[in-house]
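Right, one structure below, let's go through it.
Residue numbers (my numbering), protein chains in the order written: chain A, 114 to 327; chain B, -13 to 447.
Here it is, written out as structure tokens:
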């Protein structure tokens, strides 16, 4: 997770997404160091940890996030460091989550247009999303063919097809995720949705960060 | 809406027209409208309606529409907004078939009450209403003409198969004037303004069935029901290609976006998405609008392989660049074609695509080269560069290109760059329905749009 802060409400968001068929990276809210260690063992390393609190809005700034934790020893040290950094704050726990795969960062978004209703957006994601603005959109519901066209319309399309020695990303998984996002925003009447980034490689994709408003 | 759309036929082919606000005072809208009907070849009956006069421009003037002794097919209203609902009701009593409201002063100035009343009366009398706040209609076949701009200032195009539906009257009239200037024929001009009763969707539904219309231009500023527009575009575009243009792409967002998606995809993104989903051809400028519209009069190509003919090497290279840029294929000629081309070319000429006939080429060389390419199974469409400035090219080239286009075997675009002489030649081509372009890129862009549309339609089958 790359977000700066995690609120309890976010876990509700996670649950709603899961209810709608999204497969999120395995996660658990841990209440103690042992709890976190046990969760990580179950999830499998490497993992990321981040503080869950309604009080802390810029969590990286105060040291509330630790990523790429590879084993239990590192986890225990990281846990203590986070707890020390957030001393004196009200926290709900520590989110332990599987690290995302490496690959191409995309954004899958949705919004409700006042005239056209729900629409779905696909683009190059990550932190440069608004600089490159390499996005394309369709009105929901969309077909598998629509999504194929969307992928082909992206300027970064060659990147997705495998450039400079990388393998093509799992297009079927990508199309499935776009179709799923489309269904989700329509069914739950979502106003704005960001799945950004979602990281894809040849074996599939991981949703790294989620934000939506109803 | 069905009954009202059927009645809409009368608005375009009226046996009688009433002009409410008809006036003897020069430059008043009601005066220009009357004159336009008198000066044109409109064969139906024209009534003036205005309680102030008993006669206007030598015609009997009635105080109200309901005073006209028989039902009127098309009533054109050009009186202040407050008077409009009353007049529409009066039209209903007359048994009128349809109404055009030119007057402004409704939704655009927050007078939704007047618009609402108009809707109710339209429902009650099953009366189709175009407008308000618009230029109304022009049909070159019947010469019905509610455009309140004098004919000497704004030319009207002749009959053709292109329907032009526009929300903006100002842009619409400009395009109409240009179309007339280029010799482009139209089937119907519809400026629907606020679209209070009949919207752009109703116009698409109407034009889908209109026999004179084969191509539709749709100029939009904003719509109320985007989903309905998408459905109608999808449905009509399959039968009659739609060239759409959206103005106001970068208007203020309705609500401040909080997500990346909200920032990346404004309201125009939804229009663009809808155009793509309906496979409607989108023009980004008025130049593109004309460029794209004229190519859709051509037959649909079977593929994207283009044969290029030129009498100037450099223009051939530019055309090849444009083909690459637009993702079109430079065709490989068949063996038979190559043999034929060798016979046309001078001894120092090279057989290749682009086929450079060189500056010595006369009209006969063009005629043969075009004929060979039309027969070559490896070529789907033709791009023909003619530098009219070379000595052997004369006016007969127009006949050669026109008859090639008239065979309707393969689409062709012509490209000519030059001054006054070239312009005259191009206008002659355009008036005969041969698309002519100023630049290779503009021509190939248009060809690409036609090819995309064609490929999509072939996939549907």
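Ideal placement from N, C-alpha and C gives every residue a C-beta, glycine not left out.
Would you say residue i lies against chain A (beta-carbon separation less than 8 Å)?
{"i": "residue 239(B)", "result": "The pLDDT assigned to residue 239(B) is 48, lower than 50, so where the model puts this residue is not dependable, and the model offers no usable value."}
{"i": "residue 153(B)", "result": "no"}
{"i": "residue 246(B)", "result": "yes"}
{"i": "residue 262(B)", "result": "yes"}
{"i": "residue 255(B)", "result": "yes"}
{"i": "residue 437(B)", "result": "no"}
{"i": "residue 112(B)", "result": "no"}
{"i": "residue 250(B)", "result": "yes"}
{"i": "residue 235(B)", "result": "no"}
{"i": "residue 259(B)", "result": "yes"}
Checking 8 Å against the spacing of the C-beta atoms, do residue i and residue j come in under that value?
{"i": "residue 223(A)", "j": "residue 137(A)", "result": "no"}
{"i": "residue 250(A)", "j": "residue 259(B)", "result": "yes"}
{"i": "residue 157(B)", "j": "residue 150(B)", "result": "no"}
{"i": "residue 209(A)", "j": "residue 175(A)", "result": "no"}
{"i": "residue 103(B)", "j": "residue 28(B)", "result": "no"}
{"i": "residue 100(A)", "j": "residue 220(A)", "result": "Beyond the ends of chain A as shown, which are 114 and 327, falls residue 100(A); an answer cannot be given."}
{"i": "residue 424(B)", "j": "residue 403(B)", "result": "yes"}
{"i": "residue 229(A)", "j": "residue 212(B)", "result": "yes"}
{"i": "residue 359(B)", "j": "residue 433(B)", "result": "no"}
{"i": "residue 164(B)", "j": "residue 186(B)", "result": "no"}
{"i": "residue 203(A)", "j": "residue 166(A)", "result": "yes"}
{"i": "residue -2(B)", "j": "residue 147(B)", "result": "no"}
{"i": "residue 365(B)", "j": "residue 444(B)", "result": "no"}
{"i": "residue 117(B)", "j": "residue 178(B)", "result": "yes"}
At least one CB of chain B closer than 8 Å to the CB of residue i: is that the case?
{"i": "residue 242(A)", "result": "yes"}
{"i": "residue 305(A)", "result": "yes"}
{"i": "residue 118(A)", "result": "With a pLDDT of 43 at residue 118(A), under the threshold of 50, the modelled position of that residue is not reliable, and the figure given next carries that caveat. Chain B, which has no Cβ nearer than 8 Å to the Cβ of residue 118(A), makes this no."}
{"i": "residue 246(A)", "result": "yes"}
{"i": "residue 144(A)", "result": "no"}
{"i": "residue 259(A)", "result": "yes"}
{"i": "residue 270(A)", "result": "no"}
{"i": "residue 115(A)", "result": "Caution is warranted here: a pLDDT of 40 is assigned to residue 115(A), below 50, making its placement in the model unreliable, and the coordinate value is therefore given only provisionally. No, residue 115(A) lies away from the interface with chain B (no Cβ there is under 8 Å from its Cβ)."}
{"i": "residue 309(A)", "result": "yes"}
{"i": "residue 236(A)", "result": "yes"}
{"i": "residue 176(A)", "result": "no"}
{"i": "residue 123(A)", "result": "no"}
{"i": "residue 251(A)", "result": "yes"}
According to DSSP, what are the bridge partners of residue i?
{"i": "residue 3(B)", "result": "32(B), 60(B)"}
{"i": "residue 267(B)", "result": "229(B)"}
{"i": "residue 210(A)", "result": "140(A), 161(A)"}
{"i": "residue 326(A)", "result": "305(A)"}
{"i": "residue 249(A)", "result": "235(A)"}
{"i": "residue 203(B)", "result": "150(B), 229(B)"}
{"i": "residue 473(B)", "result": "A question about residue 473(B) goes unanswered here, because the residues of chain B that appear run from -13 up to 447."}
{"i": "residue 483(B)", "result": "Residue 483(B) lies beyond the residue range present for chain B, which begins at -13 and ends at 447; the question has no answer from this structure."}
{"i": "residue 368(B)", "result": "293(B), 398(B)"}
With respect to 7 Å, is the separation between the Cβ of residue i and the closest non-hydrogen atom of the ligand FMN below this value?
{"i": "residue 308(A)", "result": "This structure simply doesn't include the ligand FMN, nor any ligand for that matter."}
*Counting pairs of beta carbons, one from the region 309 to 326 of chain A and one from the region 199 to 219 of chain A, are three or more of them closer than 8 Å?*
yes
*Between the region 413 to 428 of chain B and the region 385 to 401 of chain B, do at least 3 Cβ pairs fall closer than 8 Å?*
Yes, they touch.
*Using a Cβ-Cβ cut-off of less than 9 Å, give me the residues of the region 211 to 234 of chain A that come near chain B, in sequence order.*
220, 221, 222, 223, 224, 226, 227, 228, 229, 230, 232, 233, 234
*Sufficient close CB pairs (3 or more, under 8 Å) joining the region 188 to 197 of chain B to the region 220 to 236 of chain B*: yes
*Which residues, taken in chain order from the region 204 to 217 of chain B, show a beta carbon closer than 9 Å to some beta carbon of chain A?*
Correct list: 208, 209, 210, 211, 212, 213, 215, 216.
*asked:* Which residues of the region 395 to 424 of chain B have a Cβ closer than 7 Å to any Cβ of chain A? Give them in chain order.
replied: none
_Quick check: the region 290 to 300 of chain A against the region 22 to 30 of chain B, are at least 3 beta-carbon pairs closer than 8 Å?_
no
*Taking a cut of 7 Å between CB atoms, which residues from the region 275 to 297 of chain B lie near chain A?*
none
*May I ask you to list, following chain order, the residues of the region 125 to 142 of chain A that have a beta carbon less than 7 Å from some beta carbon of chain B?*
none
*Are three or more beta carbon pairs between the region -3 to 8 of chain B and the region 58 to 70 of chain B nearer than 8 Å?*
yes
*Examine the Cβ distances between the region 364 to 376 of chain B and the region 289 to 300 of chain B and report whether three or more of them are shorter than 8 Å.*
yes
*Does the count of Cβ pairs from the region 269 to 286 of chain B and the region 303 to 316 of chain B closer than 8 Å reach three?*
no
*Which of the residues in the region 311 to 327 of chain A, read from start to end, lie with their CB under 7 Å from any CB of chain B?*
For the region 311 to 327 of chain A, which is checked against every Cβ of chain B, the residues closer than 7 Å are 324, 326.
*Can you list, in chain order, the residues of the region 299 to 330 of chain B whose Cβ is nearer than 7 Å to any Cβ on chain A?*
none
*Looking at C-beta atoms only, is the number of pairs between the region 176 to 189 of chain A and the region 270 to 287 of chain A that lie closer than 8 Å three or more?*
no
*asked:* With three or more C-beta pairs closer than 8 Å as the rule, is the region 105 to 117 of chain B touching the region 71 to 84 of chain B?
replied: yes
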